[in-house]
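Chains as they are written, first to last, in the working numbering: chain A, 23 to 833; chain B, 34 to 221; chain C, 8 to 271; chain D, 981 to 1299.
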Amino acid sequence: MTNHWIDLRNSDCVFIIGSNAAENHPISFKWITQAKERGAKLISVDPRFTRTSSKADIYAPMRSGTDIAFIGGMINYVINDIEQNPANYNMEYITQYTNAALIIKSDFEFNNGLFGEIEQKEFNGAYTAASKSTWGYAGGNAPTADLTLKDPNCVFQLMKKHYSRYDAETVSKITGTPKEDFLRVCQAYAETGKKGKAGTICYAMGATQHTYGVQNIRGYAILQLLLANMGVAGGGINALRGTSNVQGSTDMCLLEHILPGYLNVPVEGDADLDSYLRRSAKHPASTVTPVGLAGDTSANWWQNARKYIVSLLKAWYGDAATAENEFGFHWLPKKKPGVNNTHIGLIEAIGTGIIKGLWVWGQNPAAGGPNANGAREALAKLDWMVSVDIWENETAIFWKRPGVDPASIKTEVFMLPACCSYEKEGSISNSGRWAQWRYKAVEPAGEAMPDLEIIADLMARIKKLYEADASAPGREGILNLTWDYEHVTADQIAREVNGYDLATGKLMASFAALKDDGTTSSGNWLYCNQYTEEAGNKCAARNPVDSHPQKIGLYSGWSWCWPVNRRIIYNRASVDLNGNPYDVQHPVVSWDSQGAKWVGDVPDGGWAPINVADAGAKVLPFIMKGEGVARIWGPGLAEGPLPEVYEPWESPLANNIMSGQKNNPCAFIGKWMNEQGTPDKYPYVCTTYRCTEHWQTGIMTRNLPWLNELMPDMYAEMDEELAEQKGINNGDKVVVSSARGEVNAVAVVTKRFKPLTVNGQTIHQIGLPWHWGYAGMKTGDSANRLTPHVGDANTTIPEYKTFLCSVRRVD
Amino acid sequence: MEISRRSFLKASGATLGGLFLFNGLDDKAIMARSLKKVPLQQKVTESTTICCYCSVGCGAIVSVYEDGIVKIEGDPDHPINEGALCPKGLAMSQIHQLDGKPNPYRLTKPLYRAPNSTEWEEKSWDWMLDTIASRAKATRDSTWVASAGRTDGLASFGGGELDNEECYLLSKMNRALGVVYLEHCARI
Amino acid sequence: MSKAILFDLTKCTACRGCQVACKQWNEHKAEETSNQGSFENPKELSAETWLKMRFIETERNGKFDWLFLRRACLHCEEASCAVVCPVGAIFKTEDGFVHIDQEWCIGCGTCTQACPFHVPHIDHHAGLAMKCSACTSVGYNRLDAGLKPACVSTCPTGALTFGDRDELVSAGRAQVDKLKANGHPNAYLYGENELGGLHVMYVLDDSPSAVYGLPDDPKVATADVVGKWLSGLVTAGVLTALPFWLVFKRKQELAGGSGKKGGA
Amino acid sequence: MNIGGMEWGVTLWIDLWAAGMAGGAFLTAFLADKFSGGRLKNLFKLAVCTGIILALVGVALLLSHLGNILWFWHMFVTVRPESVLSLGGWILSGWLTVACIMLVLWIISHYARGLKSFADKATNVLSWVGFVLSILLMTYTGVLISASSEPFWAITPLLPAVFVVSAVASGVAWLIVVSLVVNWLNTTGNRAWNWFIEQFFDDSGWQIDSVAISKLAKSLVVVIVVELVVLVAFILWLSASGSPAATEGLRLLTGGALSLWFWVGLIAAGLIAPLILLAMNWKRDFSSGILAAITFSSAGLVVLGGLLVRALLLIAGQA
């Protein structure tokens, strides 16, 4: 979330798309309800009428997987409205704080759904380097701006041309959303473009779990920038994250492509730190300074990355990390470029025998990953597997799952009992980036141990093995690793994450003071400031008073949030060039000209406002971007600078209505047991989701009787017309099948799903929760037995949300 | 409220008074009675926690009573949830305890399944960690790519349910071992 | 001071935290349930389930809506359960909540039939009638401890509020007026006057009976009990007169007897 | 429809049936005796004696229905006239007390001849009290069900009428059945039976007058007719009530899952068949030979019909 949960109350329009906040984040509705009491509108766009929709002022159904058409249509609506009624929009924001006015290279072309030429790789297509180079700014590191937005090659005009194809009729034809509903959404949300009004977009996996998931979010970003909703209270793009510490685990970068603090992972060919930073575009050389804007300086904060990687290496390798050995940079593993190491790629690599050993820490890929049948088969190819969990989950017992003979599975399996959240101590970071400390309340169940102690003990044993084996390859990094965790505590690690001034041994006060000369350490620069000499462990702070002058609900004294306790990021975009807030009722920050300082939230850098600062120090607001302005035009992504609509990998349509390019050309298409279904055999659109009463693969909820009581069985939701065609009555047992498998479920026949008319064709959608599996107290079939092994072009997030299925009644 | 109660009395009085003159109305049911005062069980410990389910980050209070019963309710001081919790958050107590007894579905012992075996065997922590460590080393060494300082043979899943400190340590351990197949639920 | 709970249906998202909060506070076990084509579960209130949410799918003026109604004791001022209880085990607390004295109840079940809302249920194990006590059960009394009822404490959206009944009536009326002004002409504050005033009131956006299946003008179970007694007594009288007098008055046919003059 | 799960289930059907029948039998015998100038003391004794057994069965079942049997005494330290069950408890206890005292007085007057005139006077007074209590007892069984929130039971005031007339019908039928049984037992010459019966049937013999049995049968015909009339009125009133719940109960009864039991079991077997059989033999002696068998089975059907009417109405109201 760019903003945070409480801030939802400051919104004038809450636009929930690709999320079912009322069901999956029930407490969010505390704040959404308060916004509504203030007169805010709530919009829900969802294939299915959900508990969120039940509270919405406007509900619009849409065909799953057509978000880009929907959002592109909204962008088109807003652009037209901007041209007709510019007074209703914040033109200063659009021209000065985004790249709308910047000129793009003249050889940029968009043709029949493609932004250039594609070359085919093993699992996906990719634009050629030549094509990608046409997406850049004319003028390279000093692009010019046309503040009138009239230049035909400025971002605004290119975008206008691109989305002019997304008129309401075409949008309705693709999405199946009735045109009136679509226009009501456009009109209501466009109203937040007024100065002083704020609209927030809340999304979740409904937006991301597509082969073009990132481009869905890019669409939201463009819309929010056109409406000047970024950085303001009650605005932002808010990913409502689903796991208690998925934010923190992402910040700590338990991901193949990033190191703690979102530093890039080294790849083969990174000869030294400098070339690594250049390639990562986290280098002073990546600074872009637009010409012709009021702001004349781009902070390009990422150019500090050298300080952060060096401090990280110091935290990991201690005294062994020296300037001479580039602080141990080469002890970090280097990825092979072009190899997909993500979840889907990982399962494929198990399937093809590359991966021999796997440890799983509180995750359940045999139920939670895509194409679960394939994942379960793949696990049998492992030599050994470790499952660390508080329950026996589907992954841990894949070898004795229904229908397989355990004796035929060679994998050696270790299952370690872990503590639950209140049997141990530590911090977790919520979706609003608040890191909060939690305490041990009860003794662990049986011999269960905190993961922290398991990791510390395990690595200590591994380290000992390497100390004893002088012939072992690549042992230097292990031997030099700081691992002084014999009596490890969360407190000790929290300090290490924050980092030290190595000269004094004192905790660092903030990442602004981190150095690239090896005199500071920090396990994660983003968390530097969470634990200071003055304030102690700030994650444990419990000051219940909102100290913001206008009480906009920041509660800055309650816990701690990254970066440096900034509760609303990009907040320098919430003020005009003089530092006065656009929304005087809910100012995030404002410039106190008498005191020559910012008041309110921690600002995105303390520099004076653009009109106040001296020439050469007029810092543009979006400090994490090389160009200092927000990217309406986003050349960094795999499939082009503007989101373009494609059909999902499995689509009920023969063609893409918008262009000749049916699917995302850059999407990752897995090969491991991944059959593709066709509409003749699988005519219905299937989507998966969660319900309030269960959570993820269900292993954390299906062992709790109170929750089983509320939602006892796996079910399949469908519309009444489809049910009648198939002779299915409400409550009947049904089998839902895809090209990859079948699941049993109870039919929930409901008016909450309605057949949609898409390009004259009637489309039925079936919805499945994915909370069940064969382990635990209450079992059922896992919806992921049906989902495909395909992923987004940029992130390889699986396309869980749209695939083809069929359904039949079981007698 | 007085008026309504009296009119109710009158109504029932009128209906029955004529019939049963021998017995006045017993108004026990209608007139308010004081409740027997039995104080709540004495709490032994209260600890704050953050809900382990979704990422709203609601505060909760874990109360452990004298008889060992664990109850978990929303933390009224917490600015995000102000004491509220959804059903999952409220059911958190059952992760530890069901109807006053330990939840029988929890794992309480390290379990090992030998290749092709049909069942789990109980093992000690020491044995488990030593064995895993040697398996990890063997796999890493046999799949070591010296030029890139990595192993493709060892993979790690998980982290979204761990604490930040655990995630950090897991990241540190995996990177030190050269693991590049390193993923967790944020990806999916 | 008379207290109450106000349920504002327009704010409820049916997260059902209240259902679990109720179970947890009162230490109730989960019931075995099954999905029968709806999210709603358990199917009915029981001795172990004192509160449940109803999920109502409806189409009004061509517009679909999904409505969520609380189902638990409404704590009537004129409480049928209390009236019919043969041992006087059901009474009102000083706050106005209807309380079943668990040490006096004999489990006869009369209250289960008398309640206009079918709330109390017999716990066949304990042999007692059970229902929501607004968290005033002895040993589990949250109100005494200065807490709100568990369901109210946990409600995220403010759909449930607890406080002085007079204030909640005003709040409920204000919300109903707002609804009426916003396209809900049938909006209604259920419980303001029903049965002498309920201590659990509902802000409804539509007709209580047509949409929510609540009785429009609920009556105390014994409301017309005189008529019912009379109906029985008159019948008995008619039968006294008719067959027996007709048939037996010709006593001379009978052999035995003392010969005394008798009958009519 | 889950009959087993109904709060008011089989124990209550039997309870209400037995208690009502006890009251009905008392009322019948009392009136028969009084109208016939005190010539039917034997019948009266039989009614009281078997009525006590029925009432005890009723009490036992009522107690077994309680969730907390050991706390039944709470009912007897509480007087709550507005609670029908509380009243009912008192009425039933009062009735039982009266009946038992009468029984005791009869036995005493058998052993202590000197007390006979006092006992006669006392039983006469008590019989009037018992008569009133019998009417209240029968009525209470209906009012108990009717004073509820089930529209099927509560929306019309006629349920108590149905219960009263059915209680009287089964009371009459019960007396016919036990009279025939007693007369048959007398013919067996069983010594134990003779000893037992002589304890208080001695002064006027222990034979129930066959004319009295005929008269009871005739009364039964009339009562059945009344019952049919009241039932029809109940059904018509219900269907006119407009209450969906009541209409649904009625549908269940007359056209739904209960309809076979209702039409064949209750109406045909429990009412119409006995009515026809008895009416056909209006002029004949009901007490001997094949006619006795017909009378016996007709009355037996009415007794069972009395149970069925309660079961059906209770199920339909709770379904």
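Don't be surprised by glycine CBs; every beta carbon is placed ideally from N, CA and C.
Under the three-state DSSP convention, the category residue i falls into
{"i": "Asn766(A)", "result": "strand"}
{"i": "Ile102(B)", "result": "coil"}
{"i": "Ser96(B)", "result": "strand"}
{"i": "Arg183(B)", "result": "strand"}
{"i": "Asp60(B)", "result": "Because Asp60(B) carries a pLDDT of 38, less than 50, the predicted location of this residue cannot be relied on, and no value is offered for it."}
{"i": "His1090(D)", "result": "helix"}
{"i": "Tyr149(A)", "result": "strand"}
{"i": "Arg173(B)", "result": "helix"}
{"i": "Gln118(A)", "result": "helix"}
{"i": "Trp993(D)", "result": "helix"}
{"i": "Met964(D)", "result": "Outside the shown range of chain D (981 to 1299) lies residue 964(D), about which nothing can therefore be said."}
{"i": "His184(A)", "result": "helix"}
{"i": "Pro312(A)", "result": "coil"}
{"i": "Arg483(A)", "result": "helix"}
Beta-carbon contacts of residue i that lie in its chain and below 6 Å, excluding the five residues immediately before and after
{"i": "Val780(A)", "result": "Arg85, Gly198"}
{"i": "Leu1196(D)", "result": "Val1152, Leu1155, Ile1156"}
{"i": "Ala86(C)", "result": "Val105"}
CB contact below 8 Å: residue i versus chain F
{"i": "Lys104(B)", "result": "The displayed structure is made up of protein chains A, B, C and D, and chain F is not among them."}
Exposed unless 16 or more other CB atoms sit within 10 angstroms - verdict on residue i
{"i": "Asp294(A)", "result": "exposed"}
{"i": "Gly1222(D)", "result": "exposed"}
{"i": "Gln718(A)", "result": "buried"}
{"i": "Ile1087(D)", "result": "exposed"}
{"i": "Asp702(A)", "result": "exposed"}
Selection from the options that minimises the alpha carbon distance to residue i
{"i": "Val829(A)", "options": "Ala463(A), Leu808(A), Asp89(A), Tyr553(A)", "result": "Leu808(A)"}
{"i": "Ala316(A)", "options": "Glu508(A), Val768(A), Tyr115(A), Gln106(A)", "result": "Tyr115(A)"}
{"i": "Ser1126(D)", "options": "Val1057(D), Leu1255(D), Pro1140(D), Leu1113(D)", "result": "Pro1140(D)"}
{"i": "Ser216(C)", "options": "Ser1219(D), Pro1224(D), Glu1178(D)", "result": "Pro1224(D)"}
{"i": "Ala761(A)", "options": "Asn678(A), Pro625(A), Ala394(A)", "result": "Ala394(A)"}
{"i": "Lys185(C)", "options": "Gly170(C), Thr168(C), Leu167(C), Leu211(C)", "result": "Leu211(C)"}
{"i": "Glu1130(D)", "options": "Ile1270(D), Trp1243(D), Val1191(D), Ala1226(D)", "result": "Ala1226(D)"}
Chain-ordered neighbours of residue i on chain C, where CB pairs are closer than 7 Å
{"i": "Leu732(A)", "result": "Arg23, Gln26, Asn48"}
{"i": "Asp132(B)", "result": "Lys36"}
Interface partners of residue i on chain C, CB under 9 Å
{"i": "Lys800(A)", "result": "The premise fails here: Lys800(A) is roughly 10 Å from chain C at the closest Cβ pair, so nothing lies under 9 Å."}
{"i": "Cys85(B)", "result": "Neighbours of Cys85(B) on chain C: none; closest Cβ ~15 Å, over 9 Å."}
Neighbour list for residue i in chain C, Cβ cutoff strictly below 8 Å
{"i": "Arg1060(D)", "result": "Cys92, Pro93, Val94, Gly95"}
{"i": "Leu123(B)", "result": "Gly24, Val27, Ala28, Gln31, Thr161"}
{"i": "Gly107(B)", "result": "Ser160, Thr161"}
{"i": "Gly116(B)", "result": "Ser160, Thr161"}
7 Å Cβ cut-off: residues of chain A touching residue i
{"i": "Val77(B)", "result": "Residues of chain A passing the Cβ test: none, with the nearest at roughly 11 Å."}
Residue i: contacting residues in chain B (beta-carbon distance under 7 Å)
{"i": "Arg483(A)", "result": "Leu162, Asp163, Ala166"}
Same chain, Cβ closer than 7 Å to residue i, five either side skipped, listed in chain order
{"i": "Leu729(A)", "result": "Glu715, His716, Thr723"}
Own chain residues within Cβ distance below 8 Å of residue i, not counting five before or after
{"i": "Ala1099(D)", "result": "Leu1085, Trp1086, Ile1088, Ser1089"}
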